[in-house]
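S.K.:
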Amino acid sequence: SSYSNRGVAKSELKDTVGALNDFNKAIELNPLYAQAYAYRAEIKLNQNQVEGAIADCNTALKIDPENASAYNYRGLANYQLEKFTDAIQDFTMAVQYKPNDLNNYEFRGIAHYYAGNYDQAINDFDFVIQSNSSSANAMLFKGLCLIGLRNFDLGCKSLQMANALGLKEAQVEIAKYCN
């Protein structure tokens, strides 16, 4: 819908109030427009309205059970609520329906990391790194997973690579684990 398209444009311009109004109007005109709910969920998530974002994602997924964006945003919301198992399930569905979006693999890897599933997290980070060797964040979390598995040599190498790619947070972790 044109309201939804305009909402996306306003969102990119950081006009969240205007974007929210346009997504509301798009939904009012077509209550079965799943992507408008997903877009609105993103705005709500950015405004820390986590429960509202989850509700919009749930509505989008009732309308369109294959909406990768809704799974992604619900995964981010569940991650914020520290519901890592739910986040992992949502990111897995997002990967299923949008396999070329590396963000979903990286987010799932981070959720696996916080859930203590280091091996699964490393699998996701390796996929991201193989697809985009300049992904400093994936390097950082892969290093932290390896350290969690007590493999300090490889973990520190990964952290140093993240640092070389310009990720300042890596320096803190290097000082903590690698010196």
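Positions in the sequence shown are counted from 1; adding 421 to them yields the numbering used here. We treat Cβ as the ideally placed atom computed from N, Cα and C, and that holds for glycine.
Consult DSSP for Gln517 and reduce its assignment to one of helix, strand or coil.
M.R.: Position 96 of the sequence shown holds residue 517. Three-state result, Gln517: helix.
S.K.: Mind reading off the beta-carbon distance from Ala532 to Asp485? Whole number of angstroms is fine, and I expect it under 8 Å.
M.R.: Here residue 532 refers to the residue found at position 111 when the sequence shown is read from its first residue. Here residue 485 refers to the residue found at position 64 when the sequence shown is read from its first residue. That pair is no contact at about 23 Å.
S.K.: Taking Cβ positions, are Ala542 and Gly564 nearer each other than 8 Å?
M.R.: The sequence position of residue 542 within the sequence shown is 121, counting from 1. The sequence position of residue 564 within the sequence shown is 143, counting from 1. No, these two residues do not count as a Cβ contact at 8 Å.
S.K.: Whose CA, out of Cys478, Gln501, Tyr534, lies closest to the CA of Ala515?
M.R.: Taking the first residue of the sequence shown as 1, we reach residue 515 at position 94. Comparing Cα-Cα distances from Ala515 to each of Cys478, Gln501, Tyr534, the minimum goes to Cys478.
S.K.: DSSP on Gly537, reduced to helix/strand/coil?
M.R.: Sequence index remark: in the sequence shown, residue 537 carries index 116 (1-based). If DSSP states are grouped into helix, strand and coil, Gly537 belongs with coil.
S.K.: Using only the alpha-carbon positions, how far apart do Arg529 and Asn538 sit?
M.R.: Taking the first residue of the sequence shown as 1, we reach residue 529 at position 108. Taking the first residue of the sequence shown as 1, we reach residue 538 at position 117. Each residue's alpha carbon lies about 11 Å from the other.
S.K.: Tell whether a beta-carbon distance below 8 Å holds between Asn521 and Phe512.
M.R.: Taking the sequence shown and counting its residues from 1, the one referred to as residue 521 is at position 100. Taking the sequence shown and counting its residues from 1, the one referred to as residue 512 is at position 91. No.
S.K.: Give me the Cα-Cα distance between Leu434 and Ser490, rounded to the nearest whole angstrom.
M.R.: Start at 1 with the first residue of the sequence shown, and residue 434 comes out as number 13. Start at 1 with the first residue of the sequence shown, and residue 490 comes out as number 69. Computed Cα separation, rounded: 20 Å.
S.K.: The alpha helix (DSSP H) spanning Glu590 covers which residue range?
M.R.: Within the sequence shown, residue 590 is the residue found at index 169, counting from 1. Run containing Glu590: 590-598, per the alpha helix (DSSP H) assignment.
S.K.: Looking only at C-alpha atoms, which of Glu527, Leu561, Ala481 sits nearest to Val549?
M.R.: By one-based count along the sequence shown, residue 549 stands at place 128. When only C-alpha atoms are compared, the closest one is Glu527.
S.K.: For the candidate residues Asn488, Gly587, Ile464, whose alpha-carbon lies nearest to that of Leu561?
M.R.: Looking up residue 561 in the sequence shown gives position 140. The candidate whose alpha carbon is nearest that of Leu561 is Gly587.
S.K.: Straight-line CA distance for Pro452 to Asn467?
M.R.: As a position in the sequence shown, residue 452 is number 31, starting the count at 1. As a position in the sequence shown, residue 467 is number 46, starting the count at 1. So the alpha carbons of these two residues sit roughly 22 Å apart.
S.K.: Tell me which residue opens and which closes the alpha helix (DSSP H) that Ala501 is part of.
M.R.: The residue given as residue 501 occupies position 80 in the sequence shown. For the record, residue 501 in the displayed sequence is Gln; it is not Ala. Counting along the chain, the alpha helix (DSSP H) containing Gln501 begins and ends at 489-501.
S.K.: Output the boundary residues of the alpha helix (DSSP H) element that contains Gln456.
M.R.: Along the sequence shown, one-based indexing puts residue 456 at 35. Here the alpha helix (DSSP H) through Gln456 covers 455-467.
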